[in-house]
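>
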């Protein structure tokens, strides 16, 4: 069923084999009759050739008894043509029975092979993403009844805004969260970024694909096809001083904060910033750990 996870070698679907068995039974009878007809055609072909050899010998003996005139030569050639036509008919009849036998034998072997495949097993650990048939419904030959995806081949597709394209590289680490697992952070890695951008009403983007690194304790069927929140780690540092982005101001090419120096007192402090994300910015100089900053309406 759609949404099921299946282990390698487990049964995905089983076909009703009664119809196949009936067809095999009918083909067995057809095959027997075809073999009998072919055997008869072989014998007929053999005796036809024996008769042809005799007819050629008689025609040659009769021709030798003639004067060898042009008329005698013409009659002799006509007899040989008639004999050759008889030979071709014998060859054609045998070939027709051989083709018929081979065709029925191929159908028989095909059905026998199909009977061995009534159980469709998973070629690898997979997720059933679609199922077009239910128990009791008829499936025609070559019809697609199941669609699966390997658990190891599932990826997340994201659109990277053009303004961020130079910041994002392949092999960068990614943190992901799904509504189905609100308290679980799933790690991944960017393995491919499109070389050509695409433009939509929302802007210009580069398509990127993320592979999962850790799916421990995650039921893959609960997240397939869902939206995901993605955090791409473009750069990281540990044990650094950071300030919320909203507390940093810019003016005349300088960045500064307002530091609280005492009760109801603040001062403007020029700061040097480092890396940042959507929420925080690294402070390289201007502040020290323990300083308190404020938001000031100017």
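In this note's numbering, the protein residues as written are 13 to 310.
Positions of the beta carbon are idealized from the N, C-alpha and C atoms, including for glycine.
(1) Can you grab the Cα-Cα spacing for the pair residue 212 / residue 220, in whole Å?
(2) With DSSP as the reference, label residue 61 as helix, strand or coil.
(3) Do residue 161 and residue 186 count as a contact pair if the criterion is CB distance below 8 Å?
(4) DSSP puts residue 272 in a beta bridge; with which residues?
(5) Pairs of beta-carbons, one from the segment 62-76 and one from the segment 127-141, closer than 8 Å: are there three or more?
(6) Within the continuous alpha helix (DSSP H) that includes residue 82, where are the two ends?
(7) Using only CA atoms, which one of 177, 193, 195 lies nearest to residue 202?
(8) Put residue 294 into one of helix, strand or coil per three-state DSSP.
(9) What whole-angstrom Cβ distance do residue 144 and residue 156 have, given they're in contact under 8 Å?
(10) What does DSSP give as the partner residue(s) for residue 256 in the beta ladder?
(11) Would the segment 227-240 and the segment 249-257 be scored as touching if the rule is three or more Cβ pairs under 8 Å?
(12) Just how far apart, CA to CA, sit residue 109 and residue 89?
(13) Which of helix, strand or coil does DSSP assign to residue 55?
(14) Can you give me the start and stop residues for the beta strand (DSSP E) that residue 194 sits inside?
(15) My guess is that residue 159 and residue 182 are in contact by the Cβ rule of under 8 Å, so how many angstroms apart are they, rounded?
(16) Round the Cβ separation of residue 113 and residue 46 to the nearest angstrom and send it over; I've been treating them as touching at under 8 Å.
(17) With respect to the beta strand (DSSP E) encompassing residue 216, which residues constitute its N-terminal and C-terminal limits?
(18) Assess contact between the segment 93-103 and the segment 49-61, defined as three or more Cβ pairs (one per stretch) separated by less than 8 Å. Is contact present?
Quick look at the numbers:
(1) Mapped onto the chain shown, residue 212 falls at position 200. Mapped onto the chain shown, residue 220 falls at position 208. Going from the Cα of residue 212 to the Cα of residue 220 covers about 16 Å.
(2) Working through the chain shown from its first residue, we reach residue 61 at position 49. Residue 61 falls in the helix class under three-state DSSP.
(3) Reading the chain shown from its first residue, position 174 is the one you call residue 186. Reading the chain shown from its first residue, position 149 is the one you call residue 161. No.
(4) On the chain shown, position 260 is the one that residue 272 refers to. Looking at the DSSP assignment, residue 272 forms a beta bridge with 278.
(5) no
(6) Start at 1 with the first residue of the chain shown, and residue 82 comes out as number 70. Run containing residue 82: 82-127, per the alpha helix (DSSP H) assignment.
(7) Taking the first residue of the chain shown as position 1, residue 202 is located at position 190. Selected option, being the one with the closest Cα: 177.
(8) Within the chain shown, numbered from 1, the residue matching residue 294 stands at position 282. If DSSP states are grouped into helix, strand and coil, residue 294 belongs with the strands.
(9) The residue given as residue 144 occupies position 132 in the chain shown. The residue given as residue 156 occupies position 144 in the chain shown. Between residue 156 and residue 144 the Cβ distance is about 6 Å, and since that is below 8 Å, they are a contact.
(10) In the chain shown, counting from the first residue as 1, residue 256 sits at position 244. Answer by DSSP bridge pairing, in chain order: 292.
(11) no
(12) On the chain shown, position 97 is the one that residue 109 refers to. On the chain shown, position 77 is the one that residue 89 refers to. Whole-angstrom Cα-Cα distance: 31 Å.
(13) Numbered from its first residue, the chain shown carries residue 55 at position 43. Residue state, collapsed to three classes: helix.
(14) Stepping through the chain shown from its first residue, residue 194 is reached at position 182. Here the beta strand (DSSP E) through residue 194 covers 193-205.
(15) Within the chain shown, the letter at position 147 stands for residue 159. Within the chain shown, the letter at position 170 stands for residue 182. 29 Å between Cβ atoms; not a contact.
(16) As a first step, residue 113 is located in the chain shown; it is residue number 101 there, counting from the start. As a first step, residue 46 is located in the chain shown; it is residue number 34 there, counting from the start. Their Cβ separation, rounded to whole angstroms, is 4 Å, which keeps residue 113 and residue 46 in contact under 8 Å.
(17) The residue given as residue 216 occupies position 204 in the chain shown. Unbroken beta strand (DSSP E) run through residue 216: 215-224.
(18) yes
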